[in-house]
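Below is one structure, written out as structure tokens; comments come after it.
Residue numbers (our numbering): 3 to 304.
Dropping the structure here:
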């Protein structure tokens, strides 16, 4: 890879991608909407509002990237599921990719989501499980996927779409599930796991970043599930965290009935394993321990 451009590089996933790429790529350019200190490691930082066509055009003309890893999107919980901002991100992302391709970009990987799938199928497979999203977020990502797929088919652009399932790790938004469990127990507060029997496919954030980078370096095209391929019951996940913290007495497990609740959401990862040649390096237990240590230090410092 010659010149790599990473959007959302200061985000939860992007910061880990930047660290991995910095050790293997000669020239890496990192994009954030916020002002970033020029002394930060890993590459050349650019402040750019991706919603501004003029700023995006100027950035692409300056950098002339050959490879693009597009992670930027507003995923601030819980509002991002229904936010109209998702529609703006569709337009901005398509403009970015078209500008990248027009200026000679050859390889792009874009972050998708498991929310594109029909979750009632349980285990989701690329090309087989129907894409019938129910949220504004999922519908927007699906719309972008169809648009960029058409662009790739009509040009020489090599394009892969990484569908992210459930991620956890240091730096995750505190209102998400794993941080919510850890923070409650660290602060000696009870935690109620409302859907303890539900199965989900979790992947440690450093592994997800490594999967994205490996996919970017490969020549695999099309949609690829980025997940562990193993589901864990939410009650077992919460129990593992509670045992690590020795706070099992604070954990409450229930199976509440709720309209729209899906019992199992997991990924078929055969394309990731067999075509991309990638497998997780960090086990679930190690990932939980490292995440607990990070949050324990964060709570102690606040």
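Virtual Cβ for every residue (Gly too), placed ideally from N, Cα, C. Please read these numbers as outputs of a predicted model, since none were measured by experiment.
Point to revise | Local conformation of residue 229 per DSSP, three classes | key: coil
Check your understanding: Going by DSSP, which residues form a beta bridge with residue 69?
Key -> 6 and 109
Review point. Relative to the C-alpha of residue 91, which residue among 47, 9 and 168 is closest?
Key: 9
Exercise for review: Please work out which residues of its chain come closer than 6 Å, Cβ to Cβ, to residue 27, disregarding the five sequence neighbours upstream and downstream, and give them in chain order.
Suggested key: 3 and 6
Point to revise | Cβ-based burial, residue 245 [other Cβ within 10 Å; buried from 16] | key: exposed
Point to revise | Whole-Å CB distance - residue 143 paired with residue 115, under 8 Å assumed | key: 5 Å
Practice item. Could you spell out where the alpha helix (DSSP H) holding residue 94 opens and where it closes? Key: 87–104
Point to revise | Spatial neighbours of residue 206 in its chain, beta-carbon cut-off 6 Å, leaving aside the 5 residues before and after | key: 171, 284 and 289
Review point. Taking just the CA atoms, how far does residue 243 sit from residue 294?
Key: 8 Å
Exercise for review: Look at the alpha carbon of residue 153 and the alpha carbon of residue 19, and state the distance between them as a whole number of angstroms.
Suggested key: 25 Å
Check your understanding: Taking residue 1 as the reference, which of 135, 51 and 25 has the closest Cα?
Key -> Residue 1 lies beyond the stretch modelled for the chain, which goes from 3 to 304, so this question has no answer here.
Exercise for review: Return helix, strand or coil for residue 32, following the three-state DSSP convention.
Suggested key: strand
Point to revise | Beta-carbon proximity list for residue 187, same chain, < 8 Å, skipping 5 on both sides | key: 193, 243, 244, 247, 249, 252 and 253
Point to revise | Integer-rounded CB distance, given that residue 117 should sit under 8 Å from residue 137 | key: 6 Å
**Study point:** Between the CA atoms of residue 35 and residue 261 - distance to the nearest angstrom
**Key:** 37 Å
Exercise for review: Indicate the three-state DSSP secondary structure (helix, strand or coil) for residue 123 in the structure shown.
Suggested key: helix
Point to revise | residue 191 versus residue 299 - alpha carbon distance | key: 17 Å
Point to revise | Reference residue 73; option with closest CA among 100, 11 and 184 | key: 11
Exercise for review: Give the C-beta separation of residue 204 and residue 230 to the nearest angstrom, bearing in mind that I take them to be a contact with Cβ-Cβ under 8 Å.
Suggested key: 6 Å
**Study point:** residue 197 - DSSP class collapsed to helix/strand/coil
**Key:** strand
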